[in-house]
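Under this note's numbering, the final residue of the sequence shown carries the number 492; numbering is consecutive throughout.
Everything below concerns the one structure shown next.
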Amino acid sequence: MRYYQILLLLLFLMPTAARSDCAFPWPQGTFLQVYDSHLTKDSDGWRHDISRWKSLGVEELVLQWSAYGSPEGEAFPIIESGTLRRLLDAAEAAAVKLRIGLRYDPGFWDHHAHDESSFGGQASQAPSDLVNYLFRRGRDQQALIAALAPLALHPAFGGWYISDEIDDLRWRSLSRRQLLNDYLAKLVDILKEVTPSASIAISAFSNGLLAPLELAEFLEEVTTNNGIDQLFFQDGIGARKLEMSELGYYIPVLSKKFQDSPASFTLIVELFETSPADDGFLPASAERIEEQLLHAATSGGAPFTFSLPHHADPRAGEAAGLLARELKQLKQKCGL
């Protein structure tokens, strides 16, 4: 064999850098919801889970909540059962960061009445339902953060996530926005007292009620004015909040608004679709998700998903296992 033939053979056999055949960055993180059924899972179980998710590109997990339900509850089962510590230990073993969410309250979406005439007024008025609710919620969050504080010292701790999702329906008036800002500012202060340098994130979504620029200005103010470091924006495709065609308007405007902001902007790609009976969620098709990822590329950074553990994992059912395999094939096609 001639020397140049040998040289060509060696070059062919040498490993090469991964080549991406995709026009989008691959998701680098995903959200996780912990339920009562997870409270008995041991460390090995969590390590196996995180290993599967990491094979699909996960470098950061966002625990959506560490407490669930109304702010009247005093017990924190996810903490008291040792589940959160086991999850942190498993994340550390896989070199994955875990961002810890606070309380998620489904009642956050209830109609909380508020007298708009009280905004800027001098006359004293009885606190509205919304004022009372946010006060109780803030007091509960303070107790929860105190219980979480020791876990924030864990090597796998990756920051905080405020589980209240901000939308463009409930906070349209100036009066309600002021109450929201007061609540968030106090919450951020409590978090900063516990962990002065830890990153704080919050998420938001659109119902299509505000124009893209108006929504971007509102969300940038919510983060910047209250010391929040990262905004996760849900693309709304799975929840039917936005149409695929609308992403081309919202994502570029939002990402541009956050380019000069102290807060970073990260898109959440929803991996689910609403069931035909409109009573739950099912894994979406890989084809639809690939289209979402193409839109996510205009955000200027790697997106997160919602969520691999629940919609693209064999442990979540046959359809979720199929989506996990299809996403792995897509990832390989991308050379990643």
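Quick reminder that beta carbons are idealized off the backbone N, C-alpha and C, glycines included.
Since we're looking at a predicted model, the values are computed, not measured.
Taken through DSSP and simplified to helix, strand or coil, TRP265 comes out as helix. As a beta-bridge residue in DSSP terms, PHE187 pairs with VAL218. Of all alpha-carbon atoms in ALA354, ASP416, PRO439 and PRO352, the one lying nearest the alpha-carbon of ILE393 is that of PRO439. In this structure ALA419 is not in contact with THR351, their Cβ atoms being roughly 17 Å apart against a cut-off of 8 Å.
Under DSSP, PRO439 shares a beta bridge with PHE428. The segment 242-262 and the segment 322-336 do not touch, with fewer than three beta-carbon pairs separated by less than 8 Å. When C-beta atoms of the segment 222-241 are compared with those of the segment 471-484, fewer than three pairs fall below 8 Å, so the two segments do not count as touching. For ARG259, the secondary structure class from DSSP, reduced to helix, strand or coil, is strand. Taking the Cβ atoms as the reference, THR186 lies roughly 6 Å from PHE460, within the contact range of under 8 Å. A Cβ-Cβ distance of about 27 Å is found for the pair LEU300 and PHE374, leaving them out of contact under the 8 Å criterion. Listed in chain order, the non-local C-beta contacts of GLY294 below 7 Å within the same chain comprise TYR339, LYS342 and LEU343, local neighbours out to five positions each way being set aside. Cβ contact annotation for PHE462 (same chain, cutoff 8 Å, sequence separation greater than five): THR186, PHE187, GLN390, GLY394, ILE424, VAL425, GLU426, LEU427 and PHE428, in chain order. A distance below 7 Å separates the beta carbons of ARG255 and GLY314. With distances taken between CA atoms, TYR191 lies nearest to THR239 out of THR239, LEU336 and TYR405.
Under the three-state reduction of DSSP output, GLU321 falls in the strand class.
The alpha carbon of GLU443 has as its nearest neighbour, out of TRP209, SER417, ARG481 and LEU347, the alpha carbon of ARG481. Excluding residues up to 5 positions away in sequence, GLU248 lie with their Cβ nearer than 7 Å to the Cβ of PRO311 in the same chain. LEU479 and HIS467 do touch by the CB rule: their CB atoms are close to 6 Å apart, below 8 Å.
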